[in-house]
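Residue numbers (my numbering): 5 to 115.
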């Protein structure tokens, strides 16, 4: 067996030029986003508990939250706080009535 390094003839690849097929300028038409599903989270409140306290929870346990009764409920779209609201009862279901938008898209005023 020879100790001489082996060499190969390597030529540059020939790539065809790409042409844009969608909208230019990096903008996406709003109609492309209308079917997008985004998680919406309603946060009633938060608290901190030790693992031992959590393990003691059972049916009928009450967990005290760091929010006062009557304070607005936070509505998150994705990870972003989007609105505030209040809890409403519709038949046998709970819902949220949006009372204030806390962030708006450019060009829109917050309610």
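We treat Cβ as the ideally placed atom computed from N, Cα and C, and that holds for glycine.
| Item | Value |
| --- | --- |
| Cα-Cα separation between residue 85 and residue 41, rounded to whole angstroms | 17 angstroms |
| Proximity test, residue 71 beta-carbon vs the ligand NAD heavy atom, cut-off 7 angstroms | The model on display carries no ligand, and the ligand NAD is accordingly not part of it. |
| Burial state of residue 93 (16 or more Cβ within 10 Å) | exposed |
| Residue range of the beta strand (DSSP E) that includes residue 96 | Segment: none, residue 96 is in no beta strand (DSSP E) and carries neither H nor E. |
| Which of helix, strand or coil DSSP assigns to residue 104 | strand |
| Check whether residue 82 and residue 43 have beta carbons under 8 angstroms apart | yes |
| Span separating the alpha-carbon of residue 64 from that of residue 79 | 27 angstroms |
| Reference residue 57, options 48, 47, 49, 68, closest by Cα | 68 |
| Nearest residue (CA-CA) to residue 74, options 66, 97, 89 | 89 |
| Coarse secondary structure for residue 81, derived from DSSP in three states | strand |
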